[in-house]
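The opening position of the sequence shown corresponds to residue 1 in our numbering, with each subsequent residue numbered one higher. All residues carry an ideal CB built from backbone N, CA and C; glycine is no exception. Reading through the structure tokens given below for one structure.
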Amino acid sequence: MKIFREALTQGYGQTFSVNKMIFEHKTPHQHLVIFENERFARVMALDGIIQTTERDEFIYHEMLTHVPAFAHGNLQNALIIGGGDGGILRELVKHKTIQTITQVEIDQTVIDTCREYLPNHSHGAFDDPRLDLVIDDGMNFVSSTNRRFDLIISDCTDPVGPGEVLFSTSFYQACKDCLREGGIFVAQNGVPFFQPEELTQSSKKLQSLFTDSTFYGVAVPSYVGGIMTLAWATDNRSIRHITVDKLTMRFQESAIETHYYTPEVHLAAFSLPGYINRLISG
Ligand code: SAM
Numbered sequence: 001m002k003i004f005r006e007a008l009t010q011g012y013g014q015t016f017s018v019n020k021m022i023f024e025h026k027t028p029h030q031h032l033v034i035f036e037n038e039r040f041a042r043v044m045a046l047d048g049i050i051q052t053t054e055r056d057e058f059i060y061h062e063m064l065t066h067v068p069a070f071a072h073g074n075l076q077n078a079l080i081i082g083g084g085d086g087g088i089l090r091e092l093v094k095h096k097t098i099q100t101i102t103q104v105e106i107d108q109t110v111i112d113t114c115r116e117y118l119p120n121h122s123h124g125a126f127d128d129p130r131l132d133l134v135i136d137d138g139m140n141f142v143s144s145t146n147r148r149f150d151l152i153i154s155d156c157t158d159p160v161g162p163g164e165v166l167f168s169t170s171f172y173q174a175c176k177d178c179l180r181e182g183g184i185f186v187a188q189n190g191v192p193f194f195q196p197e198e199l200t201q202s203s204k205k206l207q208s209l210f211t212d213s214t215f216y217g218v219a220v221p222s223y224v225g226g227i228m229t230l231a232w233a234t235d236n237r238s239i240r241h242i243t244v245d246k247l248t249m250r251f252q253e254s255a256i257e258t259h260y261y262t263p264e265v266h267l268a269a270f271s272l273p274g275y276i277n278r279l280i281s282g
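Structure below.
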């Protein structure tokens, strides 16, 4: 039996038994594998780092999408940076107020491969007429577009390789410039138990740019190390403090079915343990 060892953390890691290798390819940007595992079903990794699995992807995709979407309450134009597996897009298209979705993914092979071998991730969302799919570096796009957005979701790889630029001050500044009044920026920001400096660095940069910048937490089994922090940044100070009653009304009106997200979990996710708060405040 083949074994897949994740290469993310010095001195510690997780291994997956590979029941079946589905796809392996070196794209112009990264090394892509998809394999089958008895616990997580199909698993996708890029450059040796777990990106998503069929068994637990709903947790991450629901929380990175619905927390800002329901807090905002009237999304019309959204931007996804990365997200090549289609999970964020699948959750976003469920919001009926949305008129346009722009997705900027650097690697066409990730999209093509995930559409074929992880079809439930996008679940047909790549055919949604509201989608404008752009194959480009997210940094290039946000620094040159004149489009404006109510929500920007950075669903990128870790800050190594092509994803590194998506954790830079210039990227955050360019995203801020692309946000409409009251718009929200969210991003995956790693597992602070193993990537503490990544959290402190992002926090410093975002706090210097946005009126309200913090993080919310979600534990995704295949992102090993406990709570993953998701970045939250907006100049609208009030929307993070939305009441559970208002969230519940919006959630019920949307008739969106979720398996992890609830209005109570939404608000609770912003309550983080002491060690993470200390990393956020630097
Ligand atoms: N959920 C995963 C996580 O938390 O690590 C991320 C999944 S998604 C597959 C990450 C995507 O970011 C990949 O498809 C990758 O090609 C894309 N990506 C990396 N760097 C990028 C860049 N500079 N611009 C646009 N997309 C990028």
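With 16 other Cβ atoms within 10 Å as the buried cut-off, status of residue i
| i | result |
| --- | --- |
| Asn74 | exposed |
| Met1 | exposed |
| Ser281 | exposed |
| Thr102 | buried |
| Met21 | exposed |
| Ala231 | buried |
| Asn146 | exposed |
| Pro68 | buried |
| Glu62 | buried |
| Asn189 | buried |
| Tyr275 | exposed |
| Asn77 | buried |
| Asp56 | buried |
Residue i vs residue j beta-carbon contact at 9 Å
| i | j | result |
| --- | --- | --- |
| Thr229 | Val265 | no |
| Ile81 | Ile152 | yes |
| Glu6 | Gly13 | yes |
| Asp107 | Pro162 | yes |
| Ile259 | Phe40 | Here residue 259 is His; the residue named in the question, Ile, does not match the sequence. Their beta carbons are not under 9 Å apart, which means His259 does not touch Phe40 by this criterion. |
| Cys175 | Ser202 | no |
| Gly86 | Arg130 | no |
| Phe126 | Ile242 | no |
| Leu325 | Thr211 | As shown, the chain starts at 1 and ends at 282. That puts residue 325 outside it, with no answer to give. |
| Gln252 | Leu209 | no |
| Phe194 | Thr9 | yes |
| His31 | Gly48 | yes |
| Val18 | Ser222 | no |
| Val110 | Thr27 | yes |
| Tyr216 | Ala255 | no |
| Ala233 | Phe185 | yes |
For residue i, three-class secondary structure by DSSP
| i | result |
| --- | --- |
| Arg180 | strand |
| Gly82 | strand |
| Glu164 | helix |
| Thr234 | strand |
| His259 | coil |
| Ala174 | helix |
| Ser222 | coil |
| Ser122 | helix |
| Asn140 | helix |
| Thr169 | helix |
Closer than 8 Å: residue i CB and nearest the ligand SAM heavy atom
| i | result |
| --- | --- |
| Leu79 | no |
| Glu24 | no |
| Tyr223 | yes |
| Met63 | no |
| Leu46 | yes |
| Leu166 | yes |
| His123 | no |
| Gly161 | yes |
| Cys156 | yes |
| Gln195 | no |
| Asp212 | no |
| Val67 | no |
| Val104 | yes |
Run of the beta strand (DSSP E) containing residue i, from where it starts to where it stops
| i | result |
| --- | --- |
| Ser203 | Premise fails: Ser203 lies in the alpha helix (DSSP H), Pro196 to Leu209, not in any beta strand (DSSP E). |
| Gly274 | Run containing Gly274: none in the beta strand (DSSP E); it sits in the alpha helix (DSSP H), Gly274 to Ile280. |
| Val104 | Thr100 to Glu105 |
| Phe23 | Lys20 to Lys26 |
| Val93 | No beta strand (DSSP E) holds Val93; DSSP gives it neither H nor E. |
| Asn37 | His31 to Asn37 |
| Gly217 | Asp212 to Ala219 |
| Phe149 | Phe149 to Asp155 |
| Phe4 | Lys2 to Arg5 |
| Val134 | Leu131 to Ile135 |
Span of the alpha helix (DSSP H), counted from its first residue to its last, around residue i
| i | result |
| --- | --- |
| Phe70 | Glu57 to His72 |
| Lys246 | Val244 to Ser254 |
| Ala268 | Pro263 to Ala268 |
| Arg115 | Gln108 to Tyr117 |
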